[in-house]
Structures are given as C-alpha cells and as structure tokens.
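In our numbering, the protein residues as written are -8 to 168.
Glycine residues also receive a C-beta, built at the ideal position from the N, C-alpha and C atoms.
Keep in mind it's a predicted model, so treat the numbers as computed, not measured.
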Ligand code: S3P
C-alpha cells in the first residue's frame, strides 16, 4: 500500500509531534501532514466535537482509516500522529510492514508533559476534566503505562526533555542520515 518514503512521528499528547514535524519537514523539504488536522479537514469537524458527538470508537476508526489513506499517498511526507493512534487497530504493525516508513517516538517525561499540557488541557478531550496538576500527572502515568509498549515499537526513540523543537529535529536528522 505504501508508496513513498515517509517519516512518522508518534508520542504522547504534548510531546511536540506537530511542532517538530513541521520543522523536520521544512529541514528535509518535504510536505508535512498532521493526522489530527487531516481528520478535521476530511470530516469537517473538530477533534473535540468528534469525540463528543460521535464517540471515541468512531474517532479511532476514522483515525485509522485516514492514516491508511495518508500512507497510501504517493509522495514522501512527514506525518505526525495523534497520541493514541499507535495504540489501536494494530497501527504499529501496519507501520512496521511498510518498507519505506520510519517511525520516531518523541519521548518526554511525565513532569514535562504536565508542564506543557496543564495550560492547554481544556482543548484536549481526554484531559479536559482533570482537576489539578497532580491528577494530571497520575492520569498521564497510567496512560503511559498502557501506551509505552506501542510507542516503544518505533524505529527511533528520541529523548526530548529540555530540548527545543530545533534540537529534536537535529537529533532526528542525525539519526536518520
Ligand atoms: C489523543 C491525542 C490527540 C487527538 C485526540 C486523542 C490521544 O492528538 O488525536 O484528542 O488519544 O492521545 P495529539 O497527541 O496530537 O494532541
């Protein structure tokens, strides 16, 4: 199905997938697609509304379908996934089976995820109702316990704590070529 070289960024919400993806695509002179934006534009609905109106199962199904659509496109691309994408419908297997896909996990500590996510939690359906930073840290800890086994199947893992998007891009490029 997959036809051209693609770099796929994955990691927890707030790990910088979109920011790093944009900068990486620029550095490599490739197009960039953020899967959340692609879903929003294909379905003409925001992620928050999709969760609320259609439910999480519908969202996960569409997310997987649209990822397959992106992977099938015949152009080299940098793609950033949603935080949950790797954890449903055998997505990591699908990605591993594509010869010209390289997956990169952006690994951030719980402490730094809390710092980034707390100020913007209201826009994120999964954590909008969390009441305090301590609660958020606990939520992320439990969530990562479930998700890390998927994230760790990535071809490359980048430790992102205390690094700017530019530094992360440099590390990815250094690791790739
Ligand atoms: C989700 C992460 C979000 C978005 C949706 C679900 C998750 O993407 O896909 O809210 O399950 O972690 P980002 O990681 O890009 O914020």
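In the DSSP assignment, residue 96 falls within the beta strand (DSSP E) that extends over 92 to 98. According to DSSP, residue pairing for residue 23 in a beta bridge involves 69.
Measuring C-alpha to C-alpha distances from residue 114 to each of -3, 4, 85 and 20 identifies 4 as the nearest.
Here the C-alpha atom of residue 42 lies approximately 6 Å from the C-alpha atom of residue 50. Proximity of the beta carbon of residue 116 to the ligand S3P is indicated: a heavy atom of the ligand is located closer than 7 Å. Put simply, the backbone Cα of residue 47 is about 35 Å away from that of residue 166. A Cβ-Cβ separation of about 5 Å places residue -1 in contact with residue 70 under the 8 Å criterion. In the DSSP assignment, residue -1 falls within the beta strand (DSSP E) that extends over -3 to 1. Residue 149 sits in a strand when the DSSP states are folded into three classes. When rounded, the separation of the alpha-carbon atoms in residue 78 and residue 95 is 15 Å. Short of 7 Å from the beta carbon of residue 29, and not among the five residues preceding or following it, lie these beta carbons of its own chain, in chain order: 57 and 61. In the DSSP annotation of this structure, the continuous segment of the alpha helix (DSSP H) that includes residue 124 starts and ends at 124 to 142. Shortest Cα-Cα distance from residue 93 to any of 35, 142, 36 and 34 involves 142. Excluding the 5 residues flanking it on each side, residue 118 has same chain C-beta neighbours closer than 7 Å at 108, 112, 127 and 130, in chain order. Residue 135 and residue 144 have their C-alpha atoms spaced approximately 14 Å apart.
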